[in-house]
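Inspection log for the structure reproduced underneath, given as structure tokens.
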Amino acid sequence: MAHIVIVGAGIGGVPMALEMRGRLGKPHRVTMVADTPTFHFTPSNPWVAVGWRKPAQIKVPLAPMLKRRGIEFVQQRVTKVLPDQNRLDLADGQTLAYDYLVIATGPELAFDEIEGLGPHGGHTHSVCHVDHADSAYDGWLEFLDNPGPIVVGAVQGASCFGPAYEFAFIMDTELRRRKLRDRVPMTFVTSEPYIGHLGLDGVGDTKGLLESELRQRHISFITSARVAKVGADAMTVEEVGAGGEVTATHDLPFSYAMMLPAFRGVEAVRGVEGLSNPKGFVLVDKTQRNAAYGNIFAIGVCIAIPPMGQYPVPVGVPKTGFMIESMVRATADNIAALIEGREATHEATWNAVCLADFGDEGVAFVAMPQIPPRNVNWASQGKWVHLAKIAFEKFFLNKVRRGVAEPFYERLALDVMGVTKTRKRAAEKAG
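Here numbering that gives the first Met the number 0 is used: the first residue of the sequence shown is 0, the next is one more, and so on.
Structure (structure tokens):
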């Protein structure tokens with residue numbers, strides 16, 4: 000009998016536990032360890048931050064769902080992974096042994112790398128966690144009583160740019176609905192070398208689509224930006240040239256600011272030789288397996304992926320939902336194979352599908368594979384993306400509530416491209 004432990008209860012961890020339970024017979028144990036009693040649907044956080052969702056609407060209690068599916072649940076924070084001993088140290092002083100370990104913790108948010116950044120003692124909000132988004136909504140309500148400049152974006156070293164664009168456009172939409180947009184100058188600040196880079200060197204025409212959208216909505220932008228520090232009501236931002244020199248310095252006043260931080264690996268794996276890199280991200284091969292410890296796998300944002308290129312301001316690579324879903328399936332296949340005495344040969348596809356909501360419309364893109372050169376390099380814009388994002392939220396939350404590991408993103412990729420092709424053919428026929 001094998002004991003498989005999954006650490007983390009997010010978009011990667013929950014499907015991983017469900018998929019693993021479905022692949023293995025009853026004699027094998029599957030245990031999830033997480034420091035939270037609920038799953039929360041991270042893509043909805045920008046909606047929470049403007050009051051379009053309540054936190055309770057995007058949360059699912061874990062214990063009853065996991066129990067129904069025969070998955071053990073330990074609600075504790077993992078303080079240290081001890082791979083030489085095949086065990087985890089937990090915050091309550093207990094230990095947990097494993098035969099196979101899947102690390103799906105997500106990242107630690109590196110707010111402390113920039114003076115004044117972040118919601119904990121800093122001056123900027125975040126939409127990386129539902130609790131941060133809820134706090135951002137409290138700040139949003141105060142802002143609405145006394146509107147002023149907004150600064151929004153992603154700092155140097157960030158690897159998740161989509162939510163920054165989403166939140167900028169969602170705030171714009173909400174302010175227009177409230178007839179307050181004319182009182183709010185907005186500036187988008189990003190470490191990307193150009194608008195729409197997304198850590199992926201663009202997908203389809205994301206550069207043109209997103210830059211055009213920013214201009215149409217009167218949102219100014221600064222690229223290759225390095226945030227030097229954040230004060231109570233102003234952000235110091237340096238524009239960096241191709242040679243690494245500072246070409247301009249901006250002191251941007253704000254009444255409200257949301258900046259996505261850089262990520263790093265969680266403390267439990269940082270400094271474990273052979274398991275993680277200097278930033279604490281878990282080292283894995285194409286099968287999601289760690290080379291030094293063959294019974295450890297990792298999926299999602301916590302894994303190490305080299306950046307797309309060398310830029311004057313560091314830009315990380317995102318780990319999107321489709322990519323994570325493919326990691327889950329490959330990892331489940333490989334652990335099942337190892338238990339049965341076979342080789343671990345399954346590889347994740349690492350494709351990217353994204354629905355970026357703008358509050359009233361949005362941009363969808365598909366990158367297959369995520370890293371160029373690609374077989375599919377596609378992007379499309381329209382009101383249908385906003386509706387698709389709402390449907391996606393409902394589907395995924397319902398899937399977690401029911402406790403099923405049904406793959407979604409591959410079907411979504413085919414569906415969104417099919418919708419666009421159908422509409423294009425209809426327009427050509429009509430016109």
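Idealized CB from N, CA, C, for every residue including glycine.
8 Å Cβ cutoff met for residue i and residue j
i    : j    : result
V154 : I113 : yes
L87  : L81  : yes
V188 : P146 : no
A378 : F364 : yes
T78  : A267 : yes
F168 : E238 : no
R214 : S190 : no
T235 : G358 : no
F391 : N350 : no
A227 : P252 : no
H124 : F110 : no
V283 : N276 : no
G240 : T248 : no
Beta-carbon contacts of residue i that lie in its chain and below 8 Å, excluding the five residues immediately before and after
i    : result
R328 : E18, H345, A347, P406
V126 : N44, P45, V47, A48, A132, A135, P162, F166, M257, L259
G230 : G115, H122
A336 : E342, A343, T344, H345
D130 : P54
F443 : Absent from the structure is residue 443, since the part of the chain shown begins at 0 and ends at 430.
K206 : Y193, I194, G195, H196
A62  : P36, F72, Q74
G242 : P311
Cβ distance (whole Å) where residue i is taken to contact residue j below 8 Å
i    : j    : result
K285 : V300 : Between V300 and K285 the Cβ distance is about 18 Å, and since that is not below 8 Å, they are no contact.
F142 : Y255 : 4 Å
V4   : L100 : 5 Å
A1   : H27  : 5 Å
V352 : S158 : Not a contact, Cβ separation roughly 17 Å.
T41  : K58  : That pair is no contact at about 11 Å.
S219 : V312 : Going by Cβ atoms, the distance from S219 to V312 rounds to 18 Å, so no, they are not a contact pair.
L199 : Q380 : Contact doesn't hold; Cβ gap of about 17 Å is too wide.
M64  : G402 : 5 Å
Of the listed residues the options, nearest to residue i (C-alpha basis)
i    : options                : result
R76  : M64, D204, T104        : T104
G69  : K25, V316, F38, T94    : K25
F280 : H249, N294, F262, K53  : F262
I10  : A378, I323, F364, T330 : I323
V314 : G120, L197, F110       : L197
P305 : R214, Q369, V13        : Q369
R436 : M185, Y193, V226, G402 : Nothing about residue 436 can be read from this structure; the chain reaches only from 0 to 430.
F72  : D98, D91, D34          : D34
M367 : V202, L23, H385        : V202
R176 : L199, R214, T235, W51  : W51
D83  : I338, D91, Y97         : Y97
A303 : Q287, G293, V312, N294 : Q287
P371 : G308, D356, E339       : G308
V150 : R67, A247, D144, Y164  : Y164
G510 : T94, S325, D204, N276  : As shown, the chain starts at 0 and ends at 430. That puts residue 510 outside it, with no answer to give.
L393 : L23, N333, Q56         : Note on residue identity: the sequence assigns Lys, not Leu, to residue 393. Nearest C-alpha to K393: Q56.
R67  : G270, A16, I295        : A16
L140 : G117, G156, M170       : M170
P106 : R269, D204, D332       : R269
D204 : L95, N85, K398, N376   : N376
Cβ-based neighbour list, residue i, same chain, cut-off 6 Å, excluding 5 preceding and 5 following
i    : result
G273 : A291
L108 : C127, P260
A426 : Residue confidence is low: A426 scores 49 on pLDDT, short of 50, so the model does not pin down where it sits. No coordinate-derived value is stated.
P14  : V327, A404
R422 : Confidence is the limiting factor: at R422 the pLDDT is only 46, short of 50, which leaves the residue's position unreliable and the question unanswerable from this model.
L174 : R180, V183
V6   : V32, V77, I102, T104
N294 : Y99
P60  : T37
K382 : E360
A331 : E18, M19, R22
Neighbourhood of residue i by C-beta distance below 7 Å, restricted to the same chain and skipping five residues each side
i    : result
G21  : A404
L354 : G361, A363, V384, A387, K388, F391
K278 : R263, G264
N374 : M367
G138 : H124, Y255
Contact test: residue i Cβ vs the ligand NAP heavy atom, cutoff 7 Å
i    : result
A329 : Summarising the ligand content, the structure contains no ligands, and the ligand NAP is consequently not present.
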